[in-house]
Amino acid sequence: MPYRLVHRDPLPGAQTAVNATIPPSLSERCLKVAAMEQETLWRVFDTHPEGLNAAEVTRAARVKSMAK
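Here the working numbering is used: the first residue of the sequence shown is 6, the next is one more, and so on.
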């Protein structure tokens, strides 16, 4: 198999990316979310495991178009 099909760089722009310190508040929040039970996650993010239904998609599109 050709090398280009096997070798994938997971961070293609990493050589040019700027390293920045992650604020403690963000890392704390990420750790809290990572440790949450699944049901709690759905509540916190006001969503559900089935994804968006047609009405929610329409509402989100309307909100997005009004933001422009």
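Virtual Cβ for every residue (Gly too), placed ideally from N, Cα, C.
When only Cα atoms are considered, Arg-48 and Leu-36 end up about 17 Å apart.
One Cα belongs to Ala-40, the other to Leu-31, and the distance between them is close to 14 Å. A distance below 6 Å between beta-carbons, with the five flanking residues on each side excluded, links Gly-56 to no residue of its chain.
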